[in-house]
Structure formats: C-alpha cells, structure tokens
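Everything below concerns the one structure shown next.
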Amino acid sequence: MEAKAHAHKEFGPLQYVIVWGALLVLTAITVAVWKTHWSLGTRVTVALSVATVKAGLVALFFMHLWEHGGVNRLVMATSLLFVALLIGLVIADNATRFEYANPPYSSSWTRAPFEDAAPPLQEQPPPVEGVPEAAPH
Amino acid sequence: MNELNELMRNLLWLPKQASDYARSVDHLHFFVFGSAMIGAWTVVATTLVFIVRYRRRHALQSTEHVEPKPVHEAVFIGVPLALFLAFFAIGYPQYVELQTPPKGASDVYVMAKKWMWKFAYPGGPNSTDVLRVPVGRPVRLLLTSRDVIHSFFVPALRLKQDALPGRYTQTWFQASEPGRYPIFCAEYCGLGHSAMLGELVVMPAAEFDAWLDEQRRSNQVAAQDGQPVAAEEVDIRGNLVEQGRRIAAMQGCFKCHTVDGTQHIGPTWLDLYNRKVKLEDGRTIVADEAYITRSMMEPNAEVVAGYKPVMPTFQGKLSAPEAAAIVEFIKTLRTDAPTAEPQKGPIYVPISGK
Amino acid sequence: MHTEAAGSPHLAHHFPSLEQQEHAARMGMWLFLSTEVLLFTVLFTAYAVYRYLFPVGFEAASRLAHVAVGATNTVVLITSSLTVALAIYYARRGDSRKTVALLAVTIAFGAVFMVLKAYEYHHHFVDGQLPGKFYHYAGLKGPGVSMYFTLYFLMTGLHGLHVLIGMGVLAWVAARAARGEFGRAYSTPVELGGLYWHLVDLIWIFLFPLLYLL
Amino acid sequence: MSPSAASEAVYNSPNYLNAEAGIRSWLTTRDHKRIAVMYLGLVVAAFALGGFFALLIRVELLTPGPTIMDAMTYNRMFTLHGVIMIFLFMIPAIPGVFGNFFLPLMLGAQDVAFPRINLFTVYLYLIGAAIAVWGMIQGGTDTGWTFYTPYSTTTVTTVAPVLLGAFILGMSSILTGVNFIVTIHTLRAPGLTWMRLPLFVWAIYATSIIQVLATPVLGMTLLLVAVEKAFGFGIFDPARGGDPILFQHLFWFYSHPAVYIMVLPAMAVVSEVVQAFARKNIFGYKAVAFSSLGIAFVGFFVWGHHLFTSGQSTFASGIFGVLSMFVGIFTAIKVFNWTATLYKGAIHVAAPFVYFLGFLYFLMFGGLTGIALSTVSLDVHWQDTYFVVAHFHFIMVGATIMAFLAGLHYWWPKMFGRMYSERWALAAAVLVILGFNATFIPQFLLGNMGMPRRYYSYPEQFWPLNVASTAGASLLAFGFLIVLIYLVTSLVNGKVAGPNPWGSRGYEWNTPSPPNVLNFPETPVITRGAHEYQDPPAEATHAH
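Those protein sequence lines, which keep their order, are chains A, B, C and D.
Under the working numbering, the first residue of the first sequence carries the number 6, and numbering increases by one thereafter.
Under the working numbering, the first residue of the second sequence carries the number 16, and numbering increases by one thereafter.
Under the working numbering, the first residue of the third sequence carries the number 252, and numbering increases by one thereafter.
Under the working numbering, the first residue of the fourth sequence carries the number 57, and numbering increases by one thereafter.
Next up, the structure:
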C-alpha cells in the first residue's frame, strides 16, 4: 500500500485527505448496505466490519499508531482485548443460561413459560406492535 | 467410610447431609480440605526449618546467588495446577448435575419476597415459609422474586439458588433423609434479610402424598398470591379475628410487626388500636381503623416517627374484607384484655372509596 | 514484549529530554484513551446483551432513528478528524495561523454535530421516544423497545458529553496556539487534544451503525 | 550506587520533610515523597474509621438478637465498613503510600512522570471520600458495597452520593495507575533494564494495568445505577426487560480484578522484605515478576465465579471456574519462590520479617480457600456465607495488611529517618497475627455451618462461634493500637536510623534517610540487579 512506503516518514496533508476519502466511501457503503434487503446477519456483519476498518484507519493514520506504534499499540490492543472479553463472555452467559432466567419475553422465552401454578410475573408484555416498514423520516 | 464421613463433617462443623448430592459435595470438600492442609503445612514447616537452619550468623553475612533450574518452576506450577484442575474436574460435574433437573421431577414454585418464602405446588396448594417435600423423589424448584434478589439456601442440601425478580431460575434436589432443615435467604435483601427464614420438611413419600391430597381437596388453603380470598369465604369461616391472624401470618406481617410489645422493624401491634402515634412529619394521629387500613394500602404516606418507610404496599394483595379482618385482629391485641376472646360474627365496617 | 521497549534507544537517556517527555505524555494520553474505551464498553456490553435478547424490539426501534441525520453527523465528525489531523501537522511545522484556523474549523464541526444531535433529541422528545419509564410513543410498543431508547440516549448522551469536552479542550489548545506557544520543538498539547478528538470520532464510528443501522 | 559513592552534598542538603515548611508547602507539593506521606495519613485515618465500624459490627453480632443497634443501622454499618475499607483503604493504601514513595527511588528517577497529576489524585481522593462519607452520614446507604440491583435502585436510603464518591475515587485510582505505568516505561535510570527492575516495581506495574483497564468499567456501572435510581431508565430494571445479572457481570468485571489491585501491591512489598531480611536474591526472579503480569491478565477472565448461584449459565460457570484455577497458580508460584528464597539465606527475624511470615501464612490459606471457593459445586454451599467473608478477609486483611505493616516497618526508617521500638513491634506483630486468626477462623466454620453474610440476627446454633470471632476482633484492634502508638512516638524519640539500618541492597536504600528533595545527587547508573548479596558485592567488580 501507499502508506507503507512512507512508514517511517510523517504523513502529509495528501495522505490525510486520502484517508478521509476512504472513510467517506466506507460510510457510504454502510448506508448503502443498510438500504438493501439482505439478511440481518449479512447486514450486521458488513456494518461492523466496515466500522472496524474505519476505526482502524482513524487509529493508524489520524492517531499516528502507524508511525509511533510501540507501547501505545500494545495499550490499545490490550484494551480492545478486554472489550472483546467483557462483551463475549457476558453474551456467552446470556446465550446459554436457563431460558427463563433471561428477561421476560426476550428471544430466549421460546414458549409460554409454565403451567397454572406459576406465580404471575409483574408485567404482561404485548408483542412488538406497530413496526415501521422503513425509516419514517 | 461412614465413620470417616461423620468425623470430617463434625470436624468442619458442616450440617447434616440431607441428600446424596450433599454427601458427594462434602466428600469433595474433604478432599480439597485435606490436600490443601497437607500442601500448606508443608510450606509452613519448610519455612520454619529454613528460618532455623539459615538464621543470620553475622550482620553483613553474604549469601550465594541461587537461581532455580527450570525443573523447579515446572514443579511449582505443575503440582498445584494438577491438583486444582482435579478439584475442578470433580466439582464441575457436580454443579452440572445440580443445574440439570431430571425428567420426571415434580415442580414446586418458589416465590421470594421481602421477607418471606411462598411455595406453590401444581394444582393450587401453597404454603408460606414451610416447604414440604417427599423423601427419595426429585423435586425441581422454579424460583422467582417479587421485589429484589433473594437466594434460596438450604445448608443441609448444600444447595443455593438466587431468586430473581421477574424471571425464573431453577434448581433441584432429592432429599434422602426425612427431617426438618432450615432455609435461609443468602442474598442481602434489606431490613428483614436475617429474619427471612424458612423450613424444609422432608416427609416420607406416603405421608407427603396424603398431605398434598388433603391440601388439594381442602378449601382451607387460600388461593395463590395475587388472587385475594373472596369476601364470602371470609364470612363463611366466621371467626374474623382468627381469620385476621391467619391472613396476617400468611402475608408475612409478623416479619416486621410483633404482637407482644417488642420493638421490631415496624411498630408493635400490641395496644396499637386507638393509640396516639407521632408521625415522621410531626403530626400526631389516632390509630383508628381508617389509619390502620391506610397503612396497609399506602404504607409510606404516614410513617410513625422512628421507623423507616420500608413497608411494601398491600394494595391489590389484600381484599377489603381481609384488611378488615386484620384490623379486627389488631383490635383484640390489648394489654388490658389479656384474654382476647375471639368475637363471634362479622362485625367489620366495610371500607368505602377504596 | 516489554524487553523490546527497553531495548529502544529512546529510553537509554535518563534525564527527561523533551523527546522523552513527549513520549511520556503521549503514552499517558493513550492509557487515558484506553480508559475511555472501557468506559464506553459498559454501554456497548449492555447494548450487545439487550440487542441479543430483544432482536425484534431493537430492530423495530432503530428504524425510528434518523438515519440521514446520523449519516450526516458521521461525515461531519470524520471531516473534523481530518481537520484536526491537519492542525497537528501544521502545528509541528510551526504554522500557528493554519493550526488555529483548522482547530477553529474542527470546533465548528463539533458544534454542527451537537446541533444536529439536538435536532434528533428534540424529535424523540416530542414523539415520546424516551428511555425507560418515560417512553410513551404509541406507534411502537413491545419488549425491548424502551430499552433501545435507554441505550440510545445513554450512549449518544455520553458521546455528546465527550464532544463538548473535546470542543473545550481544542478551544484551549487553539488559544495557546494563537499565542504562538507551539512550534517545531514543542506541540504536544495539540497532539494530545487531537488524539482525544479522534477517539470521540472513533466511538461515533461504532455508535452510528449500532444505533441507526441494525 | 552505594551510599559511600554518593556525593557529600546530598547528605548536607535538606531532606524532603524539612525542605519547606508550612501547611501550604504540603498542600501544593509535587514531591512524590510528600504525596506519599499525605496518602499515609489519609489511608490510616480511613483504616481507623473502617476498623471502628468493624468493631461495632462484631459487637452487634455478639448475641443472636439485637445487641446495640437496630437492623437499619447495622445494614448501614456494614456498607460503611465495606466501602471505606475497599475504596478508601485497600485500593489506595500500598500504591499510594509505598508506590509513590519508592517507585521513583527504585527507578533512580527524581519523581513520577506526571507530578501534578499525582497531587491531583490526592485531591480526588479527598473529594471522593468526602462525598461518600457525607452521603453515608446523611442518608446512610444500606446496599452493601456491592450495590446489587434492583435492591440499590429501590432502597429508601440515599445511594447516589456513595456511588458518585466511588466514581471519583476510581478516577483517582486510574490516574495513579496511568502515572505509574508511564513512569516505569520512561523514567528508568540508565542500565536499569526490565530484568533488573526490583520486584516491587513489577507488581506495582501489574497493579497499575488493572487500575487503568478495570476501574472505568466500575465507574460507568455505578453511574448507570445512579441514573437508574434517579430517573428510572430501566437499564437493570427487571420490570422493564433489564437484566440484574448484567449488573453483576459489569460490577465483578471490575471488582474481581480489584481484589488483585489490593493484593498485588502486597506481593510487591513482601518480595522486597523477604530479600532484605534473608539477605538473598529472590529465587526465580522471572517467575515472580511474570506471575504478577499473569495475575493481572488472567484476573480479568474469572469474574464469573462470583455468579455461580446467580442464575448464570452452567456453561459460563464452567469457563469461569476453570480459569479461576489458573489464576491460583500464579499465586502458588510466588509462594513457593518466596519460601525457596529463604534457602541458603541469612535470615534475620525482625518485625518486618514476622509480618512477612504472617503474610505468607494468610495468603496461603486465604488463597487455598479461594481455590476451594472456585471449585464450582463447593461454592454453591459457601456463596454469600461467612466462609466467603473469612476467605476475603484472610486475603485482604490478612495478607494485604500484613504486607502493609511489613512495608511500613521495613521502610519507616527510610521514610522518617527514625527507628521504632523493635520489642514492641514484635509483640504487636504476634498479637495482630493471633487476633486475626481468632477473628476469622471461627467465621470459616460459621460459613461451613451455613450462616449467610450480612445477617443482623442469627439462629442460636451460630452463637458460640460468633462470640469467638468478636473476642478475636478485640485482640486484633488492640494490636493495631499498639502499632499506632509506638510508630508515632518513634517519630519523636526513635533512634536515628542512618541511611541503611537493615543492610539492604534495594536501590531505594542508596539515599540518605529521609531522602533529600531531588532523591539522587546525580543520576545513578545501575550495573546489577537489586538485592544481590554475594561477596564481593557486584558493584565492586563491575569496573572491568
């Protein structure tokens, strides 16, 4: 890549503008994908991958991790590791617990919970109603 | 083997083992305790030997530079790790067993609220603070809470499970020894946390079946929580004062209010009726029927001075006749009338405008 | 991995040379930024959990977000990141005039961001699309919907607070730059202020798809 | 590097205590040593306050029913005790006092990287402490230091000031951590490679990493609780689809590593003490150094072992359970290496060494009960009982306070230039260790019996052991009182210590006692590791 050739030099305005352009293009891509009718999984994957690439561009070039690197890269990598850890392990718990230990009427309550003797829960939830078809504005 | 079990159990002050599960957990406990003790005291003894053997002979004594060989560190890591993983390898399957109720276990619904336990069996029978189960049959508990997190804890079963508000958790057990065992709340839940006691009664299976049948047949058992007893039922049973006492007990009033004059979380009921009470906001009020009833429905509106506004509302949990019955019961609690002879017939005043 | 840092010639000097001081300051800033990342992680975790538990409610609720405004704001923040990066570039070359001008533009972009954000908030307030118990929008009801707005307001609110702080920091840096305090030898505050601003941008880069597009 | 090599000038220049006079000079100081002394005063005051509440709690538990206070007061009391001891004493104590004082000295630096921020942390500490204590006096929080939702969001007592106070104290802790990490990276003296760093520095480094990465999570979580309580946003509210277990995950993501924030500095101190009093280099330097980082790292993966009975999934409990076993290994490595350090040493049994032995004992038994607790099925019985209370008091009070006292006695002559009374010190050390055992061993047994924690009253069968525990606590309090008295009097009439009364070869002893303002007359050049006690000393031979 072009940036690699300048790895040991400081970036100039031209490089910054190129990164900026790339970020705008990526933003456009996310919005465009959102407008498609692809499956939710695909859209989530694309949106998060694009966000990660954008964040990487900002961190490496605007925030100079590319040139300075060293211990600061380690700091950032460590904190991101712990971010992944916290989110990952908490979700792992929610995804595998006793289904009715999750909040009532969340996705893990797959059927009507129990027989007559179950004490009633505090709030009877309605199903999600009035889902808008597309963005209202 | 059994003697060794009893010896270790008493040595460690553990309560009786009321299930096979409790026994196997204890055996792991003994293994962990024993190996930990051997390991730890070996280190302590080594330290003491070194202190004596290598005591300082003169002030500026020099020492040689000792570096460990890799094998030392490997042993330091390997031995405890093997032991710890062995603990886990035994303990985790036990935990999995506890989390996986067997098919065919009978269900009991456990509802915790400040500060009492309610147990409900399929088909309607329920009880407060006393959980009856048959010996030798698996029982699954489905726990929930009305307010904050509580934790259902039976030391004799080595079993504990939090009860979360608005959702269910589950656990199960199969008691092997008939008897009566205490139930504690193990998750801090406020003023009455330590008074939130219950009792597990393990009965012979036949006795339990008979009890459950009788409960199902009988109208004596009130309907579930949240479905107040109909007014006629109160009337039919006639003895309003006795009824009030029973309702008060079922609703858990005595967790906070005494009837013998002792100060507790809430004001005592003894001599409460027509007493002049000072409120938090400085007003003085006479505790008549209206005030007592208001205190059940909107407990934190007029709090007696010196008490915390911690009482939950009973709006929707007590019907008007039930509330009236409790008032009637309170009226009888007088020091100048030690023999509070239950009055006959319904003499409550219906509360209007509720 | 730490020996690598020890071997670098940078650390061989003991007395805090200007270079070493800059290195220390930059490292301190990065550590501080990592605490900011973990601060937001709490909200990201909550988002992940509730998004997982209430997929239908969240998807429906996110359609109430104003994507056009959000996308515009993304462009605004990305552009402000460019201007602040250029400001640092010129500060290092001792060009105070350009530095101040670029920082002023950055702050202006920040202000635009906040105004657009306020516009969105206003609409959500008017429609009753509010967090938790305040939610009273009749058009959409169901499990997880009010939780989406709880998280929406908490996440964008905390982010907005950071934008305001960032604007304050950059204004202070710009004032110092205007006094000609920075030059080839010393421009650390511009760089640190810029790092903070980039982080604010970086977090928005994730907030935008999570809150508007999923 | 040796005192004799230092220039004459440094001995004639004023030390840090006398350099400037007046309250103002203290309140605006940026000298890391003065900041450390201020921290010492503050944390000792906090400890006294927290200890006083602990005594009241023990007195209340002397009888099964109500003894001296009502249930509400009791609940506030244990909350106060927990919050003060953890946020105001345990977390800042060793980093704030010994970290601040000795980290730059051990690195051969003149100060920490950001001296102004260092002073700022003291003020943050004061502000946070003031808000929290004011809140506890005004409203009296009754949630316990764990602030579990939904209890904390529905209680009638005031919770917000305590949450805010803890948040501000967290900021203080974060900034201290950032400061130390940067200092260790950028201000090491020439020749002081990573593998020559004193072990104290390694452990403080590991502590700082946890402070920086974990504390923000707590701060945000507590703010969410405050927002929830004030506005009802419903993020943890079960009635609005919120998940109370999520709060527990977030809370323990900080609060389990926080345990290592409390114990790693203790390990830092005793690593120095054991080498100085055995006159021997550590056995297995790399193992001890890297196990600190190992604890810091793996310590982040194990928080879920606080949730085995909470409704957490069986799968997640398995992951957290097995990882908890690994975190125990790092502590085991340290214990074995400290013990092996005594081998072929020249051991002098002085007060700091007695505290080291106490530390080793409490850490070992506290640690092993910790391993037992993370053995998943055993935890189900012990969770939220007095067994847990006894376990973490063994680690926190046992290990950490022993190490704090070991460090205080070891470095007292360096910090203040005076010796304390060795005879009183030995007597107090024995008293403290005995009193501590008498307090908490009965609590292990109470936990086995099944007595839940945070109990205001209890059934009769728990009575005898509670009496024993209260008796032990009074012994313990008496021991602490003696320590306080002889240390304070030593400031006035203690023997003048001289630069190195212990003959220690730690880098920090190459300064006069007390050190002068700029620490070293000229930048020291490090040519050997700390605590090398061979003859001839390594520095005498480094010339060729």
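Every residue, glycine too, gets a C-beta built ideally from N, C-alpha and C.
Here the structure is a predicted model, which is why all the values come from computation and not from measurement.
Under the Cβ distance rule, S44 of chain A does not count among the residues neighbouring chain C, no pair being separated by less than 9 Å. Nearest CB-CB separation between F376 of chain C and chain A: not below the 9 Å threshold. Buried is the label assigned to I237 of chain D, since at least 16 other Cβ atoms lie within 10 Å of its Cβ. A contact is defined here as three or more CB-CB pairs under 8 Å, and the segment 254-262 of chain B fails this definition with respect to the segment 185-194 of chain B. At a cut-off of 9 Å between beta carbons, Y105 of chain A contacts chain B.
Rounded to whole angstroms, the gap between the alpha carbons of D198 of chain D and V273 of chain D is 23 Å. Judged by DSSP in its simplified three-state form, Y463 of chain C adopts helix. Cβ neighbours of K551 of chain D within its own chain (closer than 8 Å, five residues either side excluded): R474 and M475.
Put simply, the CB of F459 of chain C is near chain A, with a gap under 9 Å to one of its CB atoms. DSSP, read as helix, strand or coil, puts A190 of chain B in strand. Taken in chain order, the complete alpha helix (DSSP H) segments of 4 or more residues contained in the segment 284-327 of chain B are 304-312.
In the three-state reduction of the DSSP assignment, N74 of chain D falls in the coil class. Boundaries around R147 of chain B are those of the beta strand (DSSP E), V145 to P149, since no alpha helix (DSSP H) includes it. Taking CB atoms only, K384 of chain C has a neighbour in chain D less than 9 Å away. Assignment of I280 of chain B by DSSP, reduced to helix, strand and coil, places it in the coil class. Neighbours of L19 of chain A in chain C, taken as residues whose beta carbon is under 9 Å from its own, are absent, since the nearest beta carbon is some 11 Å off.
Per the coordinates, the alpha-carbon of I230 of chain D lies some 26 Å from the alpha-carbon of T249 of chain D. In this structure, the alpha-carbon of L26 of chain B lies about 9 Å from that of L501 of chain D. Contacts between A97 of chain A and chain D, judged by CB atoms closer than 8 Å, involve S369, F371, A372 and I375 in chain order.
Nearest to H80 of chain B by C-alpha distance, out of D:Y399, D:D440 and D:T545, is D:Y399.
The beta carbon of N324 of chain C sits closer than 6 Å to those of F364 and L367, all from its chain and outside the five residues before and after it, given in chain order.
DSSP places Y124 of chain B inside the beta strand (DSSP E), whose first and last residues are S121 to K128. Contacts between V145 of chain B and chain D, judged by CB atoms closer than 9 Å, are missing: the closest CB pair is about 16 Å apart. Counting of Cβ neighbours within 10 angstroms places S111 of chain A among the buried residues, the total reaching 16 or more.
With at least 16 other beta carbons inside 10 angstroms of its own, H312 of chain D counts as buried.
In this structure, the beta-carbon distance from V99 of chain D to A169 of chain D does not fall below 9 Å. Boundaries for W226 of chain B: no beta strand (DSSP E) harbours it, while the alpha helix (DSSP H) harbouring it runs A220 to R232, taken from the DSSP string. Pairing A305 of chain B with M312 of chain B, the inter-Cα distance amounts to about 11 Å. Burial state of A369 of chain C is exposed, judged by a 10 Å Cβ sphere holding fewer than 16 other Cβ atoms. Three or more Cβ pairs closer than 8 Å define a contact, and the segment 104-114 of chain B falls short of that threshold against the segment 388-407 of chain D. With contacts defined as CB atoms closer than 9 Å, P219 of chain B and P180 of chain B fail to qualify as a contacting pair.
For A455 of chain D, the CB contacts under 7 Å within the same chain, skipping 5 residues up- and downstream, are V319, A322, F415, F418, L419 and G422 in chain order. For A270 of chain D, a Cβ of chain C is located within less than 9 Å of the residue's own Cβ. The C-beta distance from L28 of chain A to I329 of chain C rounds to 5 Å, short enough to meet the 8 Å contact threshold. Burial state of H375 of chain C is buried, judged by a 10 Å Cβ sphere holding 16 or more other Cβ atoms. With respect to N99 of chain A, V326 of chain C sits apart: the two C-beta atoms are not nearer than 9 Å.
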